[in-house]
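Heads up, the thing below is written out as structure tokens.
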Amino acid sequence: MFLDKSAGDIQDRYRELVDILDRIPIGILVAGSGSGELLLLNRAGAELLEHPPSPGRAEDYATHFRAIHEDGSPYTDEEYPLVRALKGETVYPEEMLYVRGDGRRGCLQVTASPVRDEQGRTTRVIETLCDVSREWQARQQRTQAHLADLETKLRLAAEIAGLGFWEWDVRNNETYFSPQWKRHLGYRDDELPNRYEEWESRVHPADRARVLAGLESELRSGASDYQVQFRMQHRDGSYRWIEARAQVQRDAQGQPLRMVGTHIDISDHKEREEQVRLTAQHDRLTGLPNRALTFELAEQSLSAAHRSGKMCAALFLDLDGFKPINDTYGHHIGDEVLKEVAQRLKGAFRAQDTVGRIGGDEFLVVLTQVDAAPGAVHAATHVLHHLSLPYHIGDLVLRSSPSIGISMYPQDGTDIETLVRHADAAMYEVKQHGKAGYRFYADSGTMQPDAMQLQHRLRESMAHQSLQLYFQPMVNLSTRQVIAAEALLRWPTPQGVAMSPDMFVAIAEQSGFIDELSNWVLQAACAQHDEWKRQGLPAIDIGINLSPSQLREAGLPDAILQQIARCPIEPDHLWIEISDRALNGGTQYALAALDRLKALGVRIALDDFGAGYLTLEQLSRLPFDRVKIDRTLITALPHDKACAAVTEAAISFGNSLGIEVVAEGLESQQALQFLQERDCHYAQGFYLARPMPGPQFAEWYSHAGLH
């Protein structure tokens with residue numbers, strides 16, 4: 001009876017204890033440490049765990065509901081307080097978020113304490129659960145309100161500072177771009193979707209790989225701060241410089257969750273940086289590289305030439321007659337001339353060549369991958385022609401020309417300082433011997449062997465009849481009749497390409513071989529005219545170019561007379577074409593020769609008018625029967641106003657004097673219309689016919705119907 005009474009009493013007391021525990025609003029869970037058997041779970045605990053109190057393992061009750069971290073990631077089993085306490089850890093009050101059965105979030109304040117026996121072994125665990133969801137929600141609301149207030153203030157400050165916000169959820173690739181972010185690219189908020197692809201597709205192709213690689217590295221490295229500058233495409237098609245700053249938010253394991261950052265348009269800052277760089281490295285007046293940058297680029301070219309085994313050429317240019325322009329018209333006019341010189345130089349060379357202003361009216365050109373001296377000669381002849389064209393500054397027509405010194409890498413030096421010093425010395429020699437020309441460095445030995453080899457090859461070509469004459473017709477624009485054909489010298493190379501006279505005539509002039517070459521042209525042209533006549537073609541005038549040195553030869557008229565008699569060719573079918581350069585320095589002898597030729601019946605044409613020094617007033621006093629307007633003026637028609645004005649004046653003046661005016665270089669219908677509207681009666685150029693060998697010209701002349 002005593003034992004039964006004691007057992008009954010114990011049961012009563014147990015029920016009384018359970019009843020007391022069930023009245024406590026805090027959840028209480030007691031678990032055995034061995035098998036983890038649930039020993040006790042009061043009513044409040046069962047309600048919080050949303051599970052009825054029934055036998056089972058305590059872990060099942062403690063872990064069956066969804067406990068989560070602040071970022072929404074779920075607890076692992078080992079993270080639950082009860083499991084940690086079963087392993088001997090005392091869990092002091094900590095908050096644990098969980099997802100209720102209805103999907104709403106709740107918050108529990110949890111403690112878990114192991115109960116130990118005298119030997120320190122855990123015999124059971126007591127866990128308490130207190131619902132603090134209201135407090136947590138109130139705290140969340142206060143935090144959200146505070147954050148919203150901060151965000152409003154931050155966005156306002158960002159608007160003022162020009163910052164655009166963006167956010168990228170790495171897990172699902174969702175993005176957000178603020179209205180200011182979109183305005184940086186020219187869009188309204190509703191015009192640009194919040195998609196990752198919208199950002200990536202607008203990154204400049206040249207920057208994209210770098211930006212994406214940096215982004216990927218930042219996510220993998222575990223770093224939190226990210227900063228990069230790159231270009232993004234604006235709505236108008238242009239690119240704007242953007243600086244992006246961001247922070248990477250990560251979970252407890254360090255995995256990236258999202259990036260939150262800002263964009264700011266730094267285009268103006270970049271433009272100022274570029275201006276500073278350009279100012280430091282470029283000539284402010286002309287925009288060309290200054291001396292320091294020119295030398296730096298030139299050294300790079302020399303290094304590349306060393307690796308490839310190629311040659312380079314340094315051309316040192318100094319303008320003739322520039323000081324009188326400055327002294328007469330003022331520095332502002334001189335500056336305009338220098339700017340025009342820079343533009344012509346930039347247009348005359350390849351992108352891989354270096355063109356720079358190294359001071360005053362001095363310029364340096366470094367040619368890359370030049371095979372030999374003739375390549376440098378071709379470039380020097382080309383630039384000599386272009387820089388000698390008139391300079392139209394306002395109402396002024398000014399004239400200047402370059403003196404050019406040439407040094408070759410590696411023969412004349414292996415560094416740019418030496419090459420420039422030697423080219424400068426060669427340029428000084430040009431100044432001493434008449435200006436408006438070019439010369440190689442005297443001690444280099446590069447020109448003489450090439451010139452001698454060239455002379456030898458030319459003599460062989462003439463002896464073997466390898467040189468060729470091509471003929472390009474001059475046409476009456478009204479009747480389409482051919483009025484003449486200009487004889488043009490061509491030299492076929494072993495590769496089958498006809499070499500232009502620009503590549504060898506200049507060296508022939510310097511070496512004194514030009515007279516022999518010109519005599520060959522005269523003889524061959526007269527012989528071709530005689531051949532056409534025997535073939536029964538209608539008579540046609542032939543135009544022959546004479547060099548300045550030939551025109552100054554006292555025996556020129558007699559030599560031409562002998563050639564006329566040898567062919568024979570009627571003198572009035574022969575036209576002698578000279579440039580106004582031939583009248584410089586020896587005008588008295590040249591005019592005497594022209595007068596005598598005219599007395600023989602030969603007619604005289606001024607070639608390349610508008611590209612040299614003769615004015616219209618001077619033209620009226622010279623014995624020319626025909627004026628050929630330079631091709632550089634005609635090819636610029638009708639868009640270049642200065643070229644159009646010079647052309648129109650030349651046509652009008654020639655017509656008023658009864659001089660035939662021929663437009664050289666006619667290459668477009670627009671230029672043809674311009675010429676016809678201004679009563680230019682004759683033209684020559686690719687638009688009408690290309691230069692042709694003698695037999696092909698005869699075939700064309702017979703069947704083209706132009707005559």
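Residue 361 in our numbering is what sits at position 361 of the sequence shown, and the numbering runs on without skipping anything. Don't be surprised by glycine CBs; every beta carbon is placed ideally from N, CA and C.
> Would the beta-carbon of residue 519 fall within 8 Å of that of residue 607?
Replying inline: Indexing the sequence shown from 1 puts residue 519 at position 519. Indexing the sequence shown from 1 puts residue 607 at position 607. Contact flag unset, no.
> What residue range is occupied by the uninterrupted alpha helix (DSSP H) comprising residue 329?
Replying inline: The residue labelled residue 329 in the question sits at position 329 within the sequence shown. Where residue 329 is concerned, the enclosing alpha helix (DSSP H) stretches over 322-329.
> If you pair each beta-carbon of the segment 683-696 with each one of the segment 457-476, do three or more pairs fall below 8 Å?
Replying inline: yes
> Roughly how many whole angstroms lie between the Cα atoms of residue 180 and residue 274?
Replying inline: What you label residue 180 is simply residue 180 of the sequence shown in a count that begins at 1. What you label residue 274 is simply residue 274 of the sequence shown in a count that begins at 1. So the alpha carbons of these two residues sit roughly 26 Å apart.
>> Please report the straight-line C-alpha distance between residue 669 and residue 635, rounded to a whole angstrom.
In response: To locate residue 669, count along the sequence shown from 1; it is residue 669. To locate residue 635, count along the sequence shown from 1; it is residue 635. Rounded to the nearest angstrom, the two C-alpha atoms are 11 Å apart.
>> Quick check on residue 519: does DSSP put it in helix, strand or coil?
In response: Here residue 519 corresponds to residue number 519 of the sequence shown, with the count starting at 1. In the structure shown, residue 519 sits in a helix (DSSP, three-state: H, G or I).
>> Does residue 647 come out as helix, strand or coil in the three-state DSSP assignment?
In response: Position 647 of the sequence shown, counted from the start, is the residue given in the question as residue 647. In the structure shown, residue 647 sits in a helix (DSSP, three-state: H, G or I).
> Is it true that the segment 232-244 meets the segment 263-272, where meeting means three or more beta-carbon pairs spaced less than 8 Å apart?
Replying inline: yes
>> Rounded to the nearest angstrom, what separates residue 401 and residue 325 at their Cα positions?
In response: As a first step, residue 401 must be located in the sequence shown, where it is residue number 401. As a first step, residue 325 must be located in the sequence shown, where it is residue number 325. Going by the C-alpha atoms only, they are around 12 Å apart.
>> If we require 3 or more residues per run, which beta strand (DSSP E) segments fall completely within the segment 596-630?
In response: 603-609 and 626-629
> Among residues of its own chain, excluding the 5 on either side of residue 689, which ones have a beta-carbon nearer than 6 Å to its beta-carbon?
Replying inline: As a first step, residue 689 must be located in the sequence shown, where it is residue number 689. Hits under 6 Å: 473.
> Beta-carbon separation of residue 525 and residue 467 under 8 Å?
Replying inline: Here the question's residue 525 lines up with position 525 in the sequence shown. Here the question's residue 467 lines up with position 467 in the sequence shown. No. Outside cutoff.
> What are the complete alpha helix (DSSP H) segments, minimum 4 residues, inside the segment 214-257?
Replying inline: none
> On the premise that residue 269 lies in contact with residue 230, defined as a C-beta separation below 8 Å, what is that separation, rounded to the nearest angstrom?
Replying inline: To locate residue 230, count along the sequence shown from 1; it is residue 230. To locate residue 269, count along the sequence shown from 1; it is residue 269. Contact flag wrong, Cβ pair sits at about 14 Å.
>> Give me the DSSP bridge partner(s) of residue 438.
In response: The residue labelled residue 438 in the question sits at position 438 within the sequence shown. DSSP lists 404 as partners of residue 438.
> In three-state DSSP terms, what is residue 26?
Replying inline: Here residue 26 is taken as the residue at index 26 of the sequence shown, counted from 1. Coil.
> What whole-angstrom Cβ distance do residue 187 and residue 168 have, given they're in contact under 8 Å?
Replying inline: What you label residue 187 is simply residue 187 of the sequence shown in a count that begins at 1. What you label residue 168 is simply residue 168 of the sequence shown in a count that begins at 1. Not confirmed; about 18 Å, so no contact.
>> On the DSSP letters alone, give me the boundaries of the alpha helix (DSSP H) that residue 637 sits inside.
In response: If you number the sequence shown from 1, residue 637 lands on position 637. Here residue 637 belongs to no alpha helix (DSSP H), and DSSP marks it neither H nor E.
> Which first and last residues belong to the alpha helix (DSSP H) in which residue 296 is found?
Replying inline: In the sequence shown, counting from the first residue as 1, residue 296 sits at position 296. Counting along the chain, the alpha helix (DSSP H) containing residue 296 begins and ends at 291-308.
> Taking just the CA atoms, how far does residue 392 sit from residue 642?
Replying inline: Taking the sequence shown and counting its residues from 1, the one referred to as residue 642 is at position 642. Taking the sequence shown and counting its residues from 1, the one referred to as residue 392 is at position 392. Cα-Cα distance, rounded: 7 Å.
> Quick check: the segment 371-385 against the segment 323-342, are there 3 or more CB pairs under 8 Å?
Replying inline: no
>> Counting C-beta neighbours from all protein chains within 10 Å, is the total for residue 361 16 or more, i.e. buried, or is it exposed?
In response: Against the sequence shown, residue 361 aligns to sequence position 361. It is buried - the Cβ of residue 361 has at least 16 other Cβ atoms within 10 Å.
>> Pairs of beta-carbons, one from the segment 336-348 and one from the segment 299-309, closer than 8 Å: are there three or more?
In response: no
> From residue 136 to residue 212, what does the alpha carbon distance come to, in whole angstroms?
Replying inline: Position 136 of the sequence shown holds residue 136. Position 212 of the sequence shown holds residue 212. Those two C-alpha atoms are separated by around 40 Å.
> Since residue 67 is in the beta strand (DSSP E), which residue starts that stretch and which ends it?
Replying inline: Locating residue 67 in the sequence shown gives position 67, where the first residue counts as 1. Per DSSP, residue 67 belongs to the beta strand (DSSP E) from 66-68.
> residue 318 to residue 291, Cα distance in whole Å?
Replying inline: Counted from its first residue, the sequence shown places residue 318 at position 318. Counted from its first residue, the sequence shown places residue 291 at position 291. Straight-line Cα distance between these residues: approximately 14 Å.
> Using DSSP with H/G/I as helix, E/B as strand and the rest coil, what is residue 541?
Replying inline: Within the sequence shown, residue 541 is the residue found at index 541, counting from 1. Here residue 541 sits in strand by DSSP.
> Among residues of its own chain, excluding the 5 on either side of residue 258, which ones have a beta-carbon nearer than 7 Å to its beta-carbon?
Replying inline: The count along the sequence shown starts at 1 and reaches residue 258 at position 258. So the qualifying residues of the chain are 167, 168, 169, 170 and 249.
> Do you know whose CA, among 289, 605, 564 and 551, lies nearest residue 590's CA?
Replying inline: What you label residue 590 is simply residue 590 of the sequence shown in a count that begins at 1. Of the candidates 289, 605, 564 and 551, the one whose C-alpha sits nearest the C-alpha of residue 590 is 551.
> How big is the Cα-Cα spacing for residue 68 and residue 87?
Replying inline: By one-based count along the sequence shown, residue 68 stands at place 68. By one-based count along the sequence shown, residue 87 stands at place 87. In a straight line, the C-alpha of residue 68 is about 21 Å away from that of residue 87.
> Roughly how many angstroms separate the alpha carbons of residue 585 and residue 661, rounded to a whole number?
Replying inline: As a working mapping, residue 585 is identified with position 585 in the sequence shown. As a working mapping, residue 661 is identified with position 661 in the sequence shown. Caution is warranted here: a pLDDT of 49 is assigned to residue 585, below 50, making its placement in the model unreliable, and the coordinate value is therefore given only provisionally. Those two C-alpha atoms are separated by around 26 Å.
> DSSP on residue 680, reduced to helix/strand/coil?
Replying inline: Residue numbering aside, residue 680 sits at position 680 when the sequence shown is read from its first letter. If DSSP states are grouped into helix, strand and coil, residue 680 belongs with coil.
> Taking all protein chains shown into account, do 16 or more other C-beta atoms lie within 10 angstroms of the C-beta of residue 153, making it buried, or fewer, making it exposed?
Replying inline: In the sequence shown, the residue the question calls residue 153 occupies position 153. With fewer than 16 Cβ atoms within 10 Å of its Cβ, residue 153 is classed as exposed.
> residue 334 by DSSP, collapsed to three states: which one?
Replying inline: Working through the sequence shown from its first residue, we reach residue 334 at position 334. If DSSP states are grouped into helix, strand and coil, residue 334 belongs with the helices.
> Quick one: is residue 286 buried, meaning 16 or more other Cβ sit within 10 Å of its Cβ, or exposed?
Replying inline: As a working note, residue 286 is residue 286 in the sequence shown. Classification of residue 286: buried, given that the 10 Å Cβ count is 16 or more.
> In terms of residue numbering, what span does the beta strand (DSSP E) encompassing residue 165 cover?
Replying inline: Translated into the one-based positions of the sequence shown, residue 165 becomes position 165. Run containing residue 165: 163-169, per the beta strand (DSSP E) assignment.
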